[in-house]
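Enquirer:
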Amino acid sequence: MTEPIIEADGLTKRFGKVQALAGLDLTAQRGQVTAVLGPNGAGKTTFVRAVATLIRPDTGRLRVAGVDVARHPERVRRIIGLAGQYAAVEPTMTGRENLRMVARLFGRSRREAAVSARDVLARLGLEDVADRPAKTYSGGLRRRLDLGATLVGAPRLLLLDEPTTGLDPRSRNHLWETIRDLVAEGTDVLLTTQYLDEADRLAHQVAIIDHGKVIAHGRPDELKALTGRDMIEVRARRAADLPAIARALAPVGAEEPRTDAGGNRVTVPVAGGPPAITAAVRALGGLGLEVDDIGLRRPTLDEVFLALTGAPAESGHAEVA
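Shown next as structure tokens:
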């Protein structure tokens, strides 16, 4: 059997009174995107920093491609690339100059650095802006350039810590396609993200972390099956009707309905499958309300996350620990 790209056994890390990692166990296989999810402060970024050799766990064992991170951090650094939560590029240099500089830091000759920079610019669709100062780039372009800086070293393992935070949908989709291409060509990826749909679309394996431990690990469809229930989702025509819809669905559901005012939706877990949708239609029929859509579906990763952690997925804030 091929050796895993990451093996973490019993990792602990404390920052003062904060227990960031509390016996974390995680194995990431080769040839995959492994996504790490968790509430803010759960330990996601701490784990990525440990894999990147930026911090040292207090206890436990961590291996990357079979290399012990504590004993041989310099060997690990030769095979990884890291794109953190914020684009780290030199704004006064052009995109091409940024990539050449990083390639030289990886030990490439001037000629090799130029070739590597050219190839990465083409891969990321940055050729048209390659010779503009990075300070003139949009947020999406800066994020892609930051990713490019990790690729000029041809890493075996790419660490992406919330890589699409703040990007517009088009830039996110472009970055997703790049990640898929990298994995198809043999690069392994460890991804943390605040967007659960991102994990659903990209990840082969998902690990959910809470309070410094992995509380669930598996394929996205396996995690969705953990809730053991289907979901009825009702999309209302008017937001003002959501409370009445929730009250009507309460007797049908196995748990209390949840209301999403932004999406004009009410969802409720059900145990009855198809018969439950019939009961829901009957319950709503006497209200005289306009409903745009009603359907039965499998849980999303958002709902799995909520069921396992007791909290909705966080968004918009960097993690402290």
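Take the sequence shown: its letter number 228 is residue 1541 in the working numbering, and every next letter is one higher.
Every residue gets a Cβ at the ideal spot worked out from N, C-alpha and C, and that includes glycine.
Remember, predicted model here, so these are calculated numbers, not experimental data.
So, helix, strand or coil for Pro1570, using DSSP?
Expert: Indexing the sequence shown from 1 puts residue 1570 at position 257. Coil.
Enquirer: Nearest by alpha-carbon distance to Glu1603: which of Glu1498, Arg1551 and Leu1412 is it?
Expert: Position 290 of the sequence shown, counted from the start, is the residue given in the question as residue 1603. Measuring from the Cα of Glu1603, the nearest candidate turns out to be Arg1551.
Enquirer: Taking the Cβ atom as the reference point for each residue, do Leu1437 and Gly1461 lie within a distance shorter than 8 angstroms?
Expert: Locating residue 1437 in the sequence shown gives position 124, where the first residue counts as 1. Locating residue 1461 in the sequence shown gives position 148, where the first residue counts as 1. Yes. Within cutoff.
Enquirer: Applying the criterion that 16 or more other CB atoms from any shown protein chain within 10 Å of the CB defines a buried residue, is Ile1318 buried or exposed?
Expert: Residue mapping note: residue 1318 aligns to position 5 of the sequence shown, counting from 1. Label assigned to Ile1318: buried.
Enquirer: Measuring only the C-alpha atoms, how far is Asp1543 from Ile1590?
Expert: Translated into the one-based positions of the sequence shown, residue 1543 becomes position 230. Translated into the one-based positions of the sequence shown, residue 1590 becomes position 277. Rounded to whole angstroms, Asp1543 to Ile1590 spans 10 angstroms at the Cα level.
Enquirer: Considering Cα atoms alone, identify which of Val1594, His1530 and Gln1342 is closest to Ala1559.
Expert: The residue labelled residue 1559 in the question sits at position 246 within the sequence shown. For the residues Val1594, His1530 and Gln1342, the minimum Cα distance to Ala1559 belongs to Val1594.
Enquirer: Cα-Cα, which of Ala1620, Asp1474 and Arg1413 is closest to Leu1536?
Expert: Stepping through the sequence shown from its first residue, residue 1536 is reached at position 223. Closest option to Leu1536, Cα to Cα, is Ala1620.
Enquirer: Of the choices Arg1611, Pro1612 and Val1547, whose alpha-carbon is the least far from that of Ala1596?
Expert: Position 283 of the sequence shown, counted from the first residue, corresponds to residue 1596. Closest option to Ala1596, Cα to Cα, is Val1547.
Enquirer: Where does Pro1446 sit, in a helix, a strand or coil, going by DSSP?
Expert: The sequence position of residue 1446 within the sequence shown is 133, counting from 1. DSSP places Pro1446 in strand when its eight states are reduced to three.
Enquirer: Using 10 angstroms around the beta-carbon of Asn1411, count the other beta-carbons present and answer buried if the total reaches 16, otherwise exposed.
Expert: Along the sequence shown, one-based indexing puts residue 1411 at 98. Its Cβ being crowded by 16 or more others within 10 Å, Asn1411 is buried.
Enquirer: Does DSSP put Arg1550 in a helix, in a strand, or in coil?
Expert: Against the sequence shown, residue 1550 aligns to sequence position 237. Arg1550 falls in the coil class under three-state DSSP.
Enquirer: Which residue's Cα is closest to the Cα of Asp1510: Gln1345, Leu1350 and Asp1322?
Expert: If you number the sequence shown from 1, residue 1510 lands on position 197. Nearest C-alpha to Asp1510: Leu1350.
Enquirer: Among Ile1368, Gly1531, Thr1463 and Arg1578, whose alpha-carbon lies nearest the alpha-carbon of Phe1419?
Expert: If you number the sequence shown from 1, residue 1419 lands on position 106. Nearest option by C-alpha distance: Thr1463.
Enquirer: Pull the bridge partners of Gly1394 from the DSSP assignment, please.
Expert: In the sequence shown, residue 1394 corresponds to position 81, counting from 1. Looking at the DSSP assignment, Gly1394 forms a beta bridge with Leu1471.
Enquirer: Since I believe Val1415 is in contact with Leu1503 (beta carbons under 8 angstroms), could you give me their beta-carbon distance rounded to a whole number of angstroms?
Expert: Taking the first residue of the sequence shown as position 1, residue 1503 is located at position 190. Taking the first residue of the sequence shown as position 1, residue 1415 is located at position 102. Not a contact, Cβ separation roughly 20 angstroms.
Enquirer: Use the C-beta contact count for Lys1330: other C-beta atoms within 10 angstroms, 16 or more gives buried, fewer gives exposed.
Expert: Indexing the sequence shown from 1 puts residue 1330 at position 17. Lys1330 should be labelled exposed.
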